[in-house]
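The structure appears right after this line, and notes come after that.
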Amino acid sequence: MNLLTQLSLESLQRLIDDQPLKSDSSVQFCAQACPPPHVLQRSIQLAQAGTATKWALPYFICMEKTICIEKTICIEQTVVGSIGFKQAPQHRQVEIGYNVAPSMQGRGLATLAVKELAQIAFSASLIDQVYAQISPYNHASLSVVKKCGFVYQHNVVDDDGECLQRWVLSRPE
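For what it's worth, UniProt numbering labels the leading residue of the sequence shown as 1, then goes sequentially.
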């Protein structure tokens, strides 16, 4: 079962414009499941700069539930979060970022999503490492990367002056 569904450029633009997505009515959204506006803008900029779709556009983290309506089996999909690459690969590495709606946290969804996104990254022969930069106070996110096999590398200071921990997952041998 795939947990991740990549957004199209059209869907991304509709999210930025605060318009409903063109989709089937069986898709539900948890509050705070969509990427924040700055992530959506960054994704558009990457796509417009020619970055491959795989790296530029975010993915929805989705859960599916089978329901029966008037003797018809339907699949209801709920978007519970988002995940993606923060830029095109550089030096055989790529950074990831992710979020899960508060109402859906603590269920292992971020862990499954990170594992799936890492598989997507490693399916490209140009990637040897996937990394995440995480606040030392974000215990839930630190737990996710540890469960996924990431190893602490060192502290970094981001563009906003925030001290973050860099965690790295190397390509399986």
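Backbone N, C-alpha and C fix where the C-beta goes; we use that ideal spot for every residue, glycine too.
Point to revise | First and last residue of the uninterrupted alpha helix (DSSP H) at H91 | key: Locating residue 91 in the sequence shown gives position 91, counting from the first residue. Looking at the DSSP string, H91 is not in any alpha helix (DSSP H), and its letter there is neither H nor E.
Review point. Are at least three pairs of beta-carbons, each pair with one atom in the segment 146–165 and one in the segment 26–36, less than 8 Å apart?
Key: no
Exercise for review: Could you please give me the residues that DSSP links to V80 through a beta bridge?
Suggested key: Counting from one through the sequence shown, the residue named residue 80 turns up at place 80. In the DSSP output, where bridge partners are listed per residue, V80 has none listed.
**Study point:** Limits of the unbroken beta strand (DSSP E) element including T51
**Key:** The count along the sequence shown starts at 1 and reaches residue 51 at position 51. From DSSP, T51 is part of no beta strand (DSSP E); its letter is neither H nor E.
Point to revise | residue 183: first and last residue of the uninterrupted beta strand (DSSP E) it sits in | key: Lying outside 1 to 173, the shown extent of the chain, residue 183 is not represented and no answer is given.
Review point. Start and end of the beta strand (DSSP E) containing K147?
Key: What you label residue 147 is simply residue 147 of the sequence shown in a count that begins at 1. Looking at the DSSP string, K147 is not in any beta strand (DSSP E); the run it does join, the alpha helix (DSSP H), is 139–147.
Review point. Which residues mark the beginning and the end of the alpha helix (DSSP H) in which K71 is found?
Key: In the sequence shown, the residue the question calls residue 71 occupies position 71. From DSSP, K71 is part of no alpha helix (DSSP H); its letter is neither H nor E.
**Study point:** Which of helix, strand or coil DSSP assigns to K86
**Key:** Here residue 86 refers to the residue found at position 86 when the sequence shown is read from its first residue. Three-state result, K86: coil.
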